[in-house]
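*Asks:* One structure, pasted below without further comment.
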Amino acid sequence: MILALTALAGGLGGIARFLVDTAVNRHNRWSLPLGTFVVNATACLFLGLLTGYALGHPTWDEIYAVLGVGLLGGYSTFSTASAEAMRLLHVGRWRAALVHSGGMLIVSVATAALGLGLGNALQ
Numbered sequence: 001m002i003l004a005l006t007a008l009a010g011g012l013g014g015i016a017r018f019l020v021d022t023a024v025n026r027h028n029r030w031s032l033p034l035g036t037f038v039v040n041a042t043a044c045l046f047l048g049l050l051t052g053y054a055l056g057h058p059t060w061d062e063i064y065a066v067l068g069v070g071l072l073g074g075y076s077t078f079s080t081a082s083a084e085a086m087r088l089l090h091v092g093r094w095r096a097a098l099v100h101s102g103g104m105l106i107v108s109v110a111t112a113a114l115g116l117g118l119g120n121a122l123q
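The structure is reproduced here in structure tokens:
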């Protein structure tokens with residue numbers, strides 16, 4: 001049952017990623033793929049929050065699998081971010097690729113740490 005729920009949550013996460021990415025990029029005036037940036041930063045925040053909370057609740061293993069691995073795994077998209085960085089490099093925009101990938105790494109780690117701290121505080 002957990003496997004089916006995790007797969008369903010992964011599909012829902014993919015739909016959420018598409019909707020957020022599309023909404024952000026529709027209003028994006030920059031030449032960087034901002035939608036992927038927003039998706040990955042929010043995924044790290046939510047996964048940190050979930051992890052911080054779940055660490056204090058060992059009975060949450062199955063819920064963590066469904067929400068963390070399924071929903072947020074389907075929502076986050078670091079493979080797309082890597083492909084976007086390579087696309088920027090391919091067209092000679094190495095500064096944009098560096099800003100995109102380096103900025104995403106820094107923001108994602110920071111939002112994951114923030115979420116973890118908030119999740120621990122909710123225990």
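The numbering of the sequence shown is UniProt numbering, which starts it at 1 and goes up by one.
Ideal placement from N, C-alpha and C gives every residue a C-beta, glycine not left out.
Would you decide whether Val66 is buried or exposed? Buried here means 16 or more other CB atoms lie within 10 Å of its CB.
*Replies:* When all chains shown are included, Val66 counts as buried.
*Asks:* For Met1, is the classification buried or exposed, using 16 other Cβ atoms within 10 angstroms of its Cβ as the cut-off for buried?
*Replies:* Classification of Met1: exposed, given that the 10 Å Cβ count is below 16.
*Asks:* At which residues does the alpha helix (DSSP H) containing Arg26 begin and terminate?
*Replies:* Element bounds for Arg26: Ile2 to Arg26.
*Asks:* So His100 is in the alpha helix (DSSP H); what residue range does that whole segment cover?
*Replies:* Residues Trp94 to Ala121.
*Asks:* Considering only the alpha carbon of each residue, which of Thr6, Leu8 and Ala112 lies closest to Phe46?
*Replies:* Measuring from the Cα of Phe46, the nearest candidate turns out to be Ala112.
*Asks:* Which runs of the beta strand (DSSP E) fall wholly inside the stretch 32-76 and span at least 3 residues, in chain order?
*Replies:* The qualifying runs do not exist here; there are none.
*Asks:* Of all the options Val39, Leu105 and Trp94, which has the alpha carbon lying nearest to the alpha carbon of residue 180?
*Replies:* Nothing in the structure corresponds to residue 180, since the chain is present only between 1 and 123.
*Asks:* Please list, in chain order, all residues of the same chain as Leu116 whose beta carbon is under 7 Å from its beta carbon, the five residues on each side excluded.
*Replies:* Result list for Leu116: Gly48, Thr51 and Gly52, in chain order.
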